[in-house]
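Numbering (my numbering), first residue to last: 125 to 828. Notes follow once the structure below has been shown.
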Amino acid sequence: MSQKSNKKKNSSPKPENENPLSEPAKDDVKPSEEPESQPQVDEPAEIIPEDNEQSQPSENGEAAAEKEPSLADLFKERLAPMTAAMGKVSGVMKKMGLPGMLLVRFIAVFFFFSAVNVVKMKADNITAVSDWREFVPKVNIGTTFLLMGCAFVIMSVIHLIMPKKYCIQDQVLAIASILYFDFTLLWRANDFNLSLGVMMVSCAFIYYCLGTLRSRKIFDKIPWWVCGIVVLVMSGLVAYFISITTVAKHQNFGTAAHDFGLFVQMYHSLIKDGTAVTSSERDVLMSHFRIHASYIFYTLVPIFKLIPKAETLLVCQALLSMGGVIPLFLIAKRHNMKGISLIFMCLAYAFSIGLVAPCYYEFHENAFLPTLLMWLLWAVDRRNYIVFYIMSILVCIVKEDCPLYVAAISMYMFFEHKGSAKRMHGIIMALLSMGYMLFITDWLTKNGDGQFMMNTRFSILMIDETAGLAEVVKNVIADPAYLFSLLVRDDTRIFFMQVMAPMMFIPFFTKKIRRYLLMIPFIVMNLVIGAGYGYAANVGFQYIFGPVVLLLYMCIINLDDMSRASKHDIPVILGTAAMIMTIGTCSQHIGYVEYNRSNKEYLNSVEDMLDSLPLESSIGTDTFLIPHIADHKHAYIFDGNDIDENGAVINPDKYDFIVIPMLSDQYTYWAETLVNNSFMLCGGIEGRYEIYVNPTSEYVGYGS
Numbered sequence: 125m126s127q128k129s130n131k132k133k134n135s136s137p138k139p140e141n142e143n144p145l146s147e148p149a150k151d152d153v154k155p156s157e158e159p160e161s162q163p164q165v166d167e168p169a170e171i172i173p174e175d176n177e178q179s180q181p182s183e184n185g186e187a188a189a190e191k192e193p194s195l196a197d198l199f200k201e202r203l204a205p206m207t208a209a210m211g212k213v214s215g216v217m218k219k220m221g222l223p224g225m226l227l228v229r230f231i232a233v234f235f236f237f238s239a240v241n242v243v244k245m246k247a248d249n250i251t252a253v254s255d256w257r258e259f260v261p262k263v264n265i266g267t268t269f270l271l272m273g274c275a276f277v278i279m280s281v282i283h284l285i286m287p288k289k290y291c292i293q294d295q296v297l298a299i300a301s302i303l304y305f306d307f308t309l310l311w312r313a314n315d316f317n318l319s320l321g322v323m324m325v326s327c328a329f330i331y332y333c334l335g336t337l338r339s340r341k342i343f344d345k346i347p348w349w350v351c352g353i354v355v356l357v358m359s360g361l362v363a364y365f366i367s368i369t370t371v372a373k374h375q376n377f378g379t380a381a382h383d384f385g386l387f388v389q390m391y392h393s394l395i396k397d398g399t400a401v402t403s404s405e406r407d408v409l410m411s412h413f414r415i416h417a418s419y420i421f422y423t424l425v426p427i428f429k430l431i432p433k434a435e436t437l438l439v440c441q442a443l444l445s446m447g448g449v450i451p452l453f454l455i456a457k458r459h460n461m462k463g464i465s466l467i468f469m470c471l472a473y474a475f476s477i478g479l480v481a482p483c484y485y486e487f488h489e490n491a492f493l494p495t496l497l498m499w500l501l502w503a504v505d506r507r508n509y510i511v512f513y514i515m516s517i518l519v520c521i522v523k524e525d526c527p528l529y530v531a532a533i534s535m536y537m538f539f540e541h542k543g544s545a546k547r548m549h550g551i552i553m554a555l556l557s558m559g560y561m562l563f564i565t566d567w568l569t570k571n572g573d574g575q576f577m578m579n580t581r582f583s584i585l586m587i588d589e590t591a592g593l594a595e596v597v598k599n600v601i602a603d604p605a606y607l608f609s610l611l612v613r614d615d616t617r618i619f620f621m622q623v624m625a626p627m628m629f630i631p632f633f634t635k636k637i638r639r640y641l642l643m644i645p646f647i648v649m650n651l652v653i654g655a656g657y658g659y660a661a662n663v664g665f666q667y668i669f670g671p672v673v674l675l676l677y678m679c680i681i682n683l684d685d686m687s688r689a690s691k692h693d694i695p696v697i698l699g700t701a702a703m704i705m706t707i708g709t710c711s712q713h714i715g716y717v718e719y720n721r722s723n724k725e726y727l728n729s730v731e732d733m734l735d736s737l738p739l740e741s742s743i744g745t746d747t748f749l750i751p752h753i754a755d756h757k758h759a760y761i762f763d764g765n766d767i768d769e770n771g772a773v774i775n776p777d778k779y780d781f782i783v784i785p786m787l788s789d790q791y792t793y794w795a796e797t798l799v800n801n802s803f804m805l806c807g808g809i810e811g812r813y814e815i816y817v818n819p820t821s822e823y824v825g826y827g828s
């Protein structure tokens, strides 16, 4: 306190009744204290009258009224024990995870017992969809709700005793129940619309369940090597399923000359003399490499030479389609996916309908693309330019149109690797690949059957159908509006949904325009060509093998730009959606295995009949028998095109034997024609097949 203020205080007169002993001495007051701000202590005589005055009863009896308890107080007092009990109950419910986990547990018990009902009804050959009028009355609603209630209570008790930091069992059980219901419902359904509907509803519920997790760290703690083992096992199981079902289909005589018998015949030619000559592809002896520039086939020659069977190619195709999961695992791990999200991102690849469904259309060179393209994308992602060039070359020799994949990826690499002189590798490879594509398509047109292939694929973009690929490029540049009109057609809309819906359209979730370069093969190979060539816009054919790999890579890099929660949850949704769609549309192929086991004796008898035909003989037969006699150099399709309008066999000397199926609608006509042309019945299987021998053949005595 300043001296001036102190002087002012000292100069003020003291009150007459002031007790000098009640004021502290001047020396006892600290400089920082201000006595005038201290609370004053009232005399007892001054306080008592004031309190007494307030406590005096008013004339209206207000004090008496205050002393009487109000109705609200009495009500509160009566409810106090109940309130305390409710508080305890609320605490117990909170420890049980209620009401937070209420919907999650309901989802778990509802889908689980719904799946149980589906399984029970399937045992009685009643399906939940097509037979729903019979299904509903057989469901005991009372028992179902009772069981659901019991299960709900059990889940609540488990949550009560579980350590809170490990309380993820509700979400895990809910997701498992959803998948259990989906798989039991969709197994062997072969219904795209049903699969799409189930997929959308299931993914919505699963996404909600994931959102209720307190923390996702427990899922991220799974070691990467454990994730790798899980991924390899799951991918191996998918490859095994594809292998046994496609092999069974072949052994059931379900594969045809196009497109399997010709490749089996080609591989027998490759291991014999290094050529790729076939007779069943164009009905004359001709190298397959004059139709398609698929020199990648040479890489499987050592395997086929070791096991020279048609089944070898089908197993190799299954392994090649799943082989890309290894580089995809490495790419996803590099983009900060780990634990459960890493596993499910790989499952989105392994169960992709674009990789599983095409395996059931026999065998094609496109099956090499998933493995090669994914390693190429890994090289771009890691900036490993040696692997980049090696994989680019291998992709280019898969087929004459595959350099388009390399060009698209190379251009993406150029724009993605900013600030690096090595980005020029992208421009170099893009120019080389497109140059090779123009060269090889022109060579096939002039020296082989390339013109026919161009016309069937690109005719919708060609005015002069003899001008080749240059005509396509010119027309697209001159009239891009026509190109845009081909992107969405009635023929391609369902195909688009089959591919994009399981990916949740994530390839479109980016503002980085350069990434859409990776979508060029999907647009050109499937949507544009598919507008005029329906096989290209069908997931059951080989044309989707390559584009779907690039779309899956786009999912990974687009997810890397999203939030941490999205990066964790969305891969789970992608893997789930892929499993639902593929199981709902491809699981019915297990029927091939069942048929094969129940008809093994008959199928073996047909094989024995065909094996008895001399290896050097020339055989004409049904398209479904060609793959089983493809070790013959001269194996031809015999059908109505080999009989002229006068009922005479065209070029009868072409055949030593003709094998016709007796169950065919054309059997009577073919049998009469062969007899009229002096062919003689010499064997077969009663009621199934007949073998006729050419009277001029050296094998006339066969079967006698």
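The C-beta atom is built at its ideal place from N, Cα and C for all residues, glycine as well. Bear in mind that the values here come from a model prediction, so they are computed numbers and not experimental data.
Query, Result
"In the DSSP assignment, the beta strand (DSSP E) including Phe-781 goes from what residue to what residue?", "781-785"
"Flag this pair as touching only if the stretch 476-491 and the stretch 509-517 have three or more C-beta atom pairs under 8 Å; answer yes or no.", "no"
"Just verifying my parser: in three-state terms, what is the DSSP assignment at Val-153?", "Any reading at Val-153 must be qualified, since the residue scores a pLDDT of 43, below 50, and its modelled position is unreliable; the value itself is stated next. If DSSP states are grouped into helix, strand and coil, Val-153 belongs with coil."
"Report buried or exposed for Lys-289, applying the criterion of at least 16 other Cβ atoms within 10 angstroms of its Cβ.", "exposed"
"Using a Cβ-Cβ cutoff of less than 7 Å, which residues in the same chain neighbour Met-105 once the five nearest sequence positions on both sides are dropped?", "A query on residue 105 cannot be resolved here, the shown segment of the chain reaching from 125 to 828 and no further."
"Does the structure place the stretch 395-408 close enough to the stretch 455-471 that three or more beta carbon pairs sit under 8 Å?", "no"
"Tell me the DSSP secondary structure of Ser-161 in three-state form.", "Confidence in Ser-161 is poor, its pLDDT being 42 and thus under 50, which makes the residue's placement too unreliable to answer from."
"Go through the stretch 682-757 residue by residue and report every complete run of the beta strand (DSSP E) that reaches 3 residues or more, in order.", "743-745"
"If you compare alpha carbons, which of Phe-582, Asn-728, Asp-763 is closest to Ile-743?", "Asp-763"
"How long is the line joining the alpha carbons of Ser-646 and Ile-420, rounded to whole angstroms?", "Checking the displayed sequence, the identity of residue 646 turns out to be Phe instead of Ser. Each residue's Cα considered, the two are about 22 Å apart."
"Can you tell me the Cβ-Cβ gap for Gly-448 and Val-623, rounded? I've got them flagged as a contact below 8 Å.", "With 8 Å as the limit, Gly-448 and Val-623 do not qualify as a contact, their Cβ atoms being about 16 Å apart."
"Find out if the Cβ-Cβ distance for the pair Ile-374, Pro-432 is shorter than 8 Å.", "According to the sequence shown, residue 374 is His rather than Ile. Result no, Cβ atoms of His-374 and Pro-432 do not sit closer than 8 Å."
"Quick one: what's Ile-809 bridged to in DSSP?", "Tyr-813"
"Taking the alpha carbon of Val-596 as the point to measure from, which residue in Met-621, Leu-309, Asp-566, Asp-614 has its own alpha carbon closest?", "Asp-566"
"Give the secondary structure of Tyr-760 by DSSP, where H, G and I count as helix, E and B as strand, and everything else as coil.", "strand"
"Grouping DSSP H, G and I as helix and E and B as strand, with all else coil, what is Thr-379?", "coil"
"Which class does Thr-569 belong to by DSSP, given the choice of helix, strand or coil?", "helix"
"By the three-class DSSP mapping on this structure, what secondary structure does Thr-820 have?", "coil"
"Is the distance from the Cβ of Ala-660 to the Cβ of Met-678 below 8 Å?", "no"
"Figure out for me which residue from Val-233, Phe-576, Lys-262 has the closest Cα to the Cα of Met-245.", "Lys-262"
"Considering only their Cβ atoms, is the gap separating His-752 from Leu-734 smaller than 8 Å?", "yes"
"Please classify Arg-105: is it buried, with 16 or more other beta-carbons within 10 angstroms of its beta-carbon, or exposed?", "This structure cannot speak to residue 105, because the chain is shown only from 125 to 828."
"Only counting runs of 4 or more residues, tell me where the alpha helix (DSSP H) segments fall wholly within the stretch 455-530, in order along the chain.", "463-474, 477-480, 493-506, 509-520"
"Determine the direct distance from the alpha carbon of Leu-437 to that of Tyr-560, and round the result to whole angstroms.", "28 Å"
"Could you check if Pro-207 is buried or exposed, using at least 16 other CB atoms within 10 Å of its CB as the buried criterion?", "Position check: residue 207 holds Thr in this sequence, whereas Pro was assumed. Under this definition Thr-207 is an exposed residue."
"Buried or exposed: which applies to Trp-499, given that a residue is buried once 16 or more other Cβ atoms fall within 10 Å of its Cβ?", "buried"
"According to the Cβ coordinates, are Ile-551 and Phe-563 closer than 8 Å?", "no"
"Looking at the unbroken alpha helix (DSSP H) that takes in Asp-344, where does it start and where does it end?", "341-344"
"Nearest to Ile-450 by alpha carbon, out of Asn-801, Trp-502, Ser-609, Ile-302?", "Trp-502"
"With H, G and I counted as helix, E and B as strand and the rest as coil, what does DSSP make of Pro-137?", "Bear in mind that a pLDDT of 43 at Pro-137, under 50, signals an unreliable position, so the model cannot answer this."
"Starting from Tyr-332 and walking both ways along the alpha helix (DSSP H), at which residues does that stretch end?", "316-335"
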